[in-house]
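To keep things clear, I will list the structure first and then write my remarks on it.
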Amino acid sequence: MSDTDIVKFATEGNRDLHILFGSQSGNSEGLAEKWQKEAPRYGLNPTVHDMDGFDIKSMSEMTRVMIICSTWGEGEMPDNAEELYDEAKDAGKILSKTNFSVCSLGDTGYDLFCQSGKDWDKTLQDIGGSRIYDRVDCDVDYEMPAEEWMKGVMPKLACVGDDGAFVPGLEEKMIAYASGMEIDEPEEEMEAIGGTTAYQAMATVPLFFKKPNKWLKRVKGVLAEDDLPTTGIEKAKDMFKELRKITLKSLPQGRDYIALVDNEKCIGCTQCVYYCNFASIDMISWDLNARTSQFESKKALILDDTCVGCTLCAFACPVEAITMESKV
Ligand SMILES: Cc1cc2nc3c(=O)[nH]c(=O)nc-3n(C[C@H](O)[C@H](O)[C@H](O)COP(=O)(O)O)c2cc1C
Ligand code: SF4
Ligand code: SF4
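Numbering (the working numbering), first residue to last: 157 to 484.
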């Protein structure tokens, strides 16, 4: 396929992409929203769907589907995905031209790691969907693996034609098209088309962003050669995961429990506030006149109406000031 053909393929006909998210605390939703901005680079026209209220039958008309879903409770769907998943399980073979891939968010500290994503992956295949790219199961530090998945699945879906069929041999050119890099074509393919060259034709397509090719190549070359040092946070990740597993197993958790701060122990460091995904922790001034710095005179306070008992704050507290208590 020539450069002009790839432009035509990427910009004409049905280019719809559907991104569905199942999310409790916003991580999957955030990724869905972020990634919809990437889609136009591949000539795709994205729509983000909350799984809540989505009609499973409408998926039969969709040719390109990305699923991003977290796992909650003990291997369960997030609240907004439960109903749709139940409907999907009983839907029968309703999909015939739907290409899909699943990104699951989870936490290896739980026994049923990324179970919801695994369930979606299997169920979509059972009801007739075609897995176009392998599922990724992401741990708490999900950003990097999730981003890699997106970069793998988006060009694949962009190579799906109007009829839902994947066009083989197109992917490299699609990636080049999306990155704005020049495509390595023999010189003779650069002939004029209706007064413009193929590359000029590409440049007139509004969704095409051209970047300096040589500069990108040089940066990639330098990065590939360099033995880059591992950062402190990178080194600490494995330890972080192990610690999280231990604390998670040793702490009571879930909606029947709530975090409780011991004021005597709290040093007001605010660490727990940053860990809480539910904005359930406030730093409250206790007017402790004996203390001089404002930092130390504030204590963490758990907001009991929004705390879901996830234990992240207890894990984060450096002085073990937070315990998990039963609500009843
Ligand atoms: C109360 C609670 C229960 C969870 N249960 C599981 C689980 O069973 N399996 C798993 O892999 N992850 C589990 N997780 C981790 C979440 O899936 C993970 O934090 C994910 O990034 C949340 O994404 P979301 O904000 O899109 O819902 C749980 C998290 C919480 C707070
Ligand atoms: S347990 Fe802690 S981190 Fe989790 S929701 Fe409650 S206050 Fe937030
Ligand atoms: S992490 Fe611990 S010490 Fe720091 S503010 Fe929260 S409860 Fe207090």
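For each residue, glycine too, the CB sits at the ideal point set by N, CA and C.
Which residues mark the beginning and the end of the beta strand (DSSP E) in which Asp-275 is found?
-> Asp-275 -> not in any beta strand (DSSP E); alpha helix (DSSP H) instead, spanning 271-282.
Thr-467: beta carbon under 8 angstroms from a heavy atom of ligand 2?
-> yes
Alpha carbon to alpha carbon, how far is Pro-190 from Asp-295?
-> For the sequence presented, residue 190 should be read as Lys rather than Pro. Cα to Cα, the separation comes out at about 19 angstroms.
Measuring from each Cβ to the nearest heavy atom of ligand 3, keep the ones under 6 angstroms and list them in chain order.
-> That query returns the following residues: Val-417, Cys-422, Ile-423, Gly-424, Cys-425, Thr-426, Gln-427, Cys-428, Ala-456, Ala-472, Cys-473, Val-475, Ala-477 and Ile-478.
Where Phe-206 sits in the DSSP three-state scheme = For clarity, residue 206 is Asp in the given sequence; the question names Phe instead. Correct three-state label for Asp-206: strand.
Secondary structure of Lys-421, DSSP reduced to three states | coil
Under 8 angstroms from any heavy atom of ligand 2, does the C-beta of Thr-462 make it?
-> yes
With C-beta atoms as the reference, is Ser-257 less than 9 angstroms away from Val-316?
-> no
Run the CB neighbour count on Lys-455, radius 10 Å, all protein chains shown included, and call it buried at 16 or more, exposed below.
-> buried
Segments assigned alpha helix (DSSP H), at least 4 residues, entirely inside the region 159-215 | 159-167 and 183-192
If you follow the beta strand (DSSP E) that Cys-259 is part of, which residue opens it and which one closes it?
-> Where Cys-259 is concerned, the enclosing beta strand (DSSP E) stretches over 255-261.
Determine the direct distance from the alpha carbon of Asp-412 to that of Ser-272, and round the result to whole angstroms.
-> 22 angstroms
Out of curiosity, what's the CA-to-CA distance linking Glu-481 and Ile-414?
-> 5 angstroms
Proximity below 9 angstroms, CB of Phe-177 to CB of Asp-206 | yes
Contact between the region 297-304 and the region 319-337 (3+ Cβ pairs under 8 angstroms) | no
Figure out for me which residue from Gly-284, Asp-438, Trp-276 and Arg-171 has the closest Cα to the Cα of Cys-225.
-> Trp-276
Return the CA-CA distance between Lys-431 and Leu-468, expressed in angstroms with no decimal places.
-> This sequence places Tyr at residue 431; Lys is not what is there. Tyr-431 and Leu-468: Cα-Cα distance of roughly 6 angstroms.
What is the DSSP secondary structure of Tyr-241, counted as helix, strand or coil?
-> helix
Classify Val-429 as helix, strand or coil using the three-state DSSP reduction.
-> DSSP, read as helix, strand or coil, puts Val-429 in helix.
For Cys-473, does the three-state DSSP call read helix, strand or coil?
-> coil
Heavy atom of ligand 2 less than 8 angstroms from the Cβ of Asn-433, yes or no?
-> yes
When you compare each of Ser-179, Thr-167 and Gln-180 to Ala-195 by their alpha carbons, which one comes out closest?
-> Nearest option by C-alpha distance: Thr-167.
Do the region 421-428 and the region 241-249 touch if we need at least three Cβ pairs shorter than 8 angstroms?
-> Result no; under three Cβ-Cβ pairs closer than 8 angstroms.
Starting from the Cα of Met-218, find the closest Cα among Asp-161, Lys-483 and Gly-285 and give me that residue.
-> Gly-285
Expressed to the nearest angstrom, what Euclidean distance is found between the alpha-carbon atoms of Ile-349 and Phe-269?
-> At Ile-349 the pLDDT is 36, less than 50, meaning the model places this residue with poor confidence; the figure from the coordinates comes in the next sentence. Rounded to the nearest angstrom, the two C-alpha atoms are 54 angstroms apart.
Measure the C-alpha to C-alpha separation of Met-439 and Val-464 and round it to an integer number of angstroms.
-> Looking at the two C-alpha atoms, the distance is approximately 18 angstroms.
Does ligand 2 have a heavy atom nearer than 8 angstroms to the CB of Ser-406?
-> no
Among the residues of its own chain, which have a CB less than 7 angstroms from the CB of Ser-184, if the five just before and after it don't count?
-> Phe-177, Gly-178, Ile-224, Cys-225, Ser-226 and Leu-261
If you draw a straight line from the alpha carbon of Arg-197 to that of Arg-291, how long is it in whole angstroms?
-> Straight across, the Cα-Cα distance linking Arg-197 with Arg-291 is about 22 angstroms.
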